[in-house]
Ligand SMILES: Nc1nc2c(ncn2[C@@H]2O[C@H](COP(=O)(O)OP(=O)(O)OP(=O)(O)O)[C@@H](O)[C@H]2O)c(=O)[nH]1
Ligand SMILES: [Mg+2]
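This is the structure in structure tokens:
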């Protein structure tokens, strides 16, 4: 991750509304973070599955308008349940300006699976390591600097219930949308045979995909025979596009 | 593929723990189990069985997860 000098604020930015997707595992405090940032009272509770569909709220910080979208908690983005589908479709296809991932400081290993999956989709990601008070109580020490370094994205430690770390989080979100932070996200590298297929499929897909869809990510989904991705690609740059052509292209690669 | 005499998660009694060796399913179901934290090498503790005997609650990477016995049967483990 590289910090660059402050970029000039464009005239339109003052009126632009920046959309932030709020994602994370179930029960990690996403709605608590949401309430802290927006001042709204989205229902929170100490059991998973509280947020069933997405909720939206707005806030204003350093002269910018933000819309925060609280997504249902999921362990993965493989669209195998409605919740996963809602979260995935929003992060992939609604084109938020950035995605804020909330995770639980007391079980990072579990939580980082989702973080890595999101980093395969987009590099516009900020990680909020929440429940830092719980981690401390349990005697865990979370190395935020090391996480920042290893993941290549900004990481902020918070205790959202008491509000600790939230103002710093707001500033980091702002630095991201202002273009002051360039991320270098950690990518999962698969075994060489799979990497060859991914690269081949991604290369063939690129002419058909809109610029904002990561072709490596699309290739991975197609390799898993998840063709639903193709149905979402409608405003494409290639007139000859059709899901049928894409499937044929992929089939060629898989031979 | 069935490996004779191998233990699956369903064979582990409540209160005991085991380590994941392999998952026997493929495709989306395998992916789902991996995403729940059932990756080879992970330790899983059997917390309790529902009164009907299915599902069973497991502690996996710090979170309580309920698995159907049909799924648990696909997860090969060792007790070391
Ligand atoms: N100690 C502590 N508790 C927290 C913190 N953040 C949230 N909580 C509590 O954790 C519980 C779950 O919080 P929610 O905000 O509902 O979690 P969520 O991620 O929105 O949950 P789902 O929508 O079900 O996925 C609530 O009881 C919160 O009060 C924190 O930083 N520290
Ligand atoms: Mg919630």
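Protein chains in written order, with our numbering: chain A, 1 to 255; chain B, 1001 to 1080.
Idealized CB from N, CA, C, for every residue including glycine.
Chain B contact for residue i (CB, 9 Å cutoff)
| i | result |
| --- | --- |
| residue 113 of chain A | yes |
| residue 106 of chain A | yes |
| residue 216 of chain A | no |
| residue 224 of chain A | yes |
| residue 227 of chain A | no |
Residues that DSSP places opposite residue i in a beta bridge
| i | result |
| --- | --- |
| residue 1023 of chain B | B:1075 |
| residue 1043 of chain B | B:1019 |
| residue 1008 of chain B | B:1076 |
| residue 59 of chain A | A:66 |
| residue 1060 of chain B | B:1044 and B:1063 |
| residue 99 of chain A | A:21 and A:125 |
| residue 155 of chain A | A:127 |
| residue 164 of chain A | A:159 |
| residue 1049 of chain B | B:1056 |
| residue 104 of chain A | A:130 |
Chain A residues whose Cβ lies nearer than 9 Å to that of residue i
| i | result |
| --- | --- |
| residue 1063 of chain B | 25, 26, 27, 48, 75, 104, 107 and 110 |
| residue 1030 of chain B | Ordered by position in chain A, no residue passes the 9 Å Cβ test against residue 1030 of chain B, which lies about 10 Å from the chain. |
Within-9 Å CB hit, residue i to chain A
| i | result |
| --- | --- |
| residue 1041 of chain B | no |
| residue 1035 of chain B | yes |
| residue 1060 of chain B | yes |
Close-in-space but distant-in-sequence residues of the same chain around residue i (CB under 6 Å, 5 per side omitted)
| i | result |
| --- | --- |
| residue 62 of chain A | 174 |
| residue 183 of chain A | 1, 123, 152 and 153 |
| residue 1024 of chain B | 1074 |
| residue 1076 of chain B | 1006, 1008, 1021 and 1022 |
| residue 98 of chain A | 20, 124 and 176 |
| residue 120 of chain A | 217 |
| residue 307 of chain A | A query on residue 307 of chain A cannot be resolved here, the shown segment of chain A reaching from 1 to 255 and no further. |
Per-residue contacts from residue i into chain B (C-beta, under 7 Å)
| i | result |
| --- | --- |
| residue 80 of chain A | 1028 and 1032 |
Chain-order list of residues whose beta-carbon lies under 7 Å from that of residue i (same chain, five-residue window excluded)
| i | result |
| --- | --- |
| residue 1072 of chain B | 1008, 1009, 1010 and 1056 |
| residue 135 of chain A | 105, 106 and 142 |
| residue 87 of chain A | 23, 71, 72, 74 and 77 |
| residue 144 of chain A | 129, 155 and 157 |
| residue 1058 of chain B | 1044, 1045, 1046, 1047, 1065 and 1067 |
| residue 1049 of chain B | 1014 and 1056 |
| residue 1036 of chain B | 1060 and 1065 |
| residue 38 of chain A | 57, 58, 59 and 68 |
| residue 188 of chain A | 116 and 120 |
Sequence-distant residues of its chain with Cβ nearer than 8 Å to residue i (five each side left out)
| i | result |
| --- | --- |
| residue 161 of chain A | 29, 32 and 133 |
| residue 1016 of chain B | 1045, 1046 and 1079 |
| residue 11 of chain A | Model confidence at residue 11 of chain A stands at a pLDDT of 49, short of 50, so the residue's coordinates are unreliable; what they give is reported in the following sentence. Same-chain partners within the cutoff: there are none. |
| residue 150 of chain A | 186 |
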